[in-house]
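Below you'll find the structure, written out as structure tokens, and then a few comments.
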Amino acid sequence: MTQQERVARCVAAIREKTGFAPRTALILGSGLGAFGERLRLEAAVEYKDLPGFPVSTVPGHQGRFLFGFAGEEPVVAMQGRVHYYEGYPMEDVVLPTRVMAALGAQRLVLTNAAGGIGPDLAPGDLMLLTDHIASFVPSPLIGPNEEAFGPRFPDMTAVYSPRLREKALAAAERRNIPLKQGVYLQTTGPQYETPAEIRMFAALGANAVGMSTACEAIAARHLGLEVCGISCVTNLAAGLGGEPLSHAEVQETADRVAQQFQDLVWELLSTIEE
Ligand code: HPA
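Written out as structure tokens, the structure reads:
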């Protein structure tokens, strides 16, 4: 089965439950799950009810699409995403992104938790993605190119839309929320990095490191979507803080700044349309 056929099967299953037409797609990372409760909800569809759809195995990650409005903006939000480290091939990891585009979304707002590499990032900071380094994970576009999605050799000069970056910075300013900017580097995980790896990533120009997002951004750009990415810096990257890293610390920080993170995303969504 082609990826296009897989997408079509999922879209058909969703369309049996809702005809909602989203304009913006949103992937909710750690700490942002509760954002769903702010949406004026029209419908919810569980991933497990979709044929061939990957289901998250990580504790704390839910698994459903929410359809609803953020202000005036019609949104499809993923409450829970799947990660490459769970064992799914990259084409499965980005299937949800392709499904949301097929449902009509023209842009994608990606959120995640990340380790801060510096120079001025502290736990609790929010960081707008200016670019990414995806060279340490397989491309989600490996395999036969499906022209209906996009070109064989898509340009990645401006993955994170300058227009949406402006919108995010303006939203942050209006709400008085500090928003840093930087380059996100994706690793496969699931282990956290070693201090030597973090020194390497710093030398390569990365400001934050995480286990998602860049692959989704690549698939979205392939489809021609406008992309925006925001990280919640949940911890100092390995070797920078002196303490061992833990998922508990990541969740704790994500929960601590969840309110602010949600406010920022809400403000962005409610002003995202030009
Ligand atoms: N490394 C990788 N992924 C992460 C981290 C980290 O330090 N924090 C949250 N996600």
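Here the sequence shown is numbered in the numbering used here, starting from 4 and rising by one per residue.
We put the beta carbon where it would ideally sit given N, CA and C, even for glycine.
Treat the numbers as computed from the prediction; the structure is a model and nothing was measured.
Per the Cβ contact rule, the region 51–58 is not in contact with the region 160–179 (fewer than 3 Cβ pairs under 8 angstroms). Gly127 and Gly119 have their C-alpha atoms roughly 10 angstroms apart. For Arg202 and Trp269, the gap between their C-alpha atoms comes out near 35 angstroms.
Assignment of Gln184 by DSSP, reduced to helix, strand and coil, places it in the strand class. A direct Cα-Cα distance of roughly 10 angstroms separates Val85 from Met93.
Sorting Ala257, Ile221 and Glu277 by C-alpha distance to the C-alpha of Ser138 places Ile221 at the top. Closer than 7 angstroms to some heavy atom of ligand 1: that does not describe the Cβ of Leu124. Where Glu76 is concerned, the enclosing beta strand (DSSP E) starts and stops at Glu76 to Gln82. Ala125 sits exposed, since fewer than 16 C-beta atoms from the chains shown fall within 10 Å of its C-beta.
In the three-state scheme derived from DSSP, where H, G and I count as helix and E and B as strand, Met130 is classed as strand. Taken in chain order, the unbroken stretches of beta strand (DSSP E) that lie wholly in the region 96–151 and span 3 residues or more are 110–119 and 129–136.
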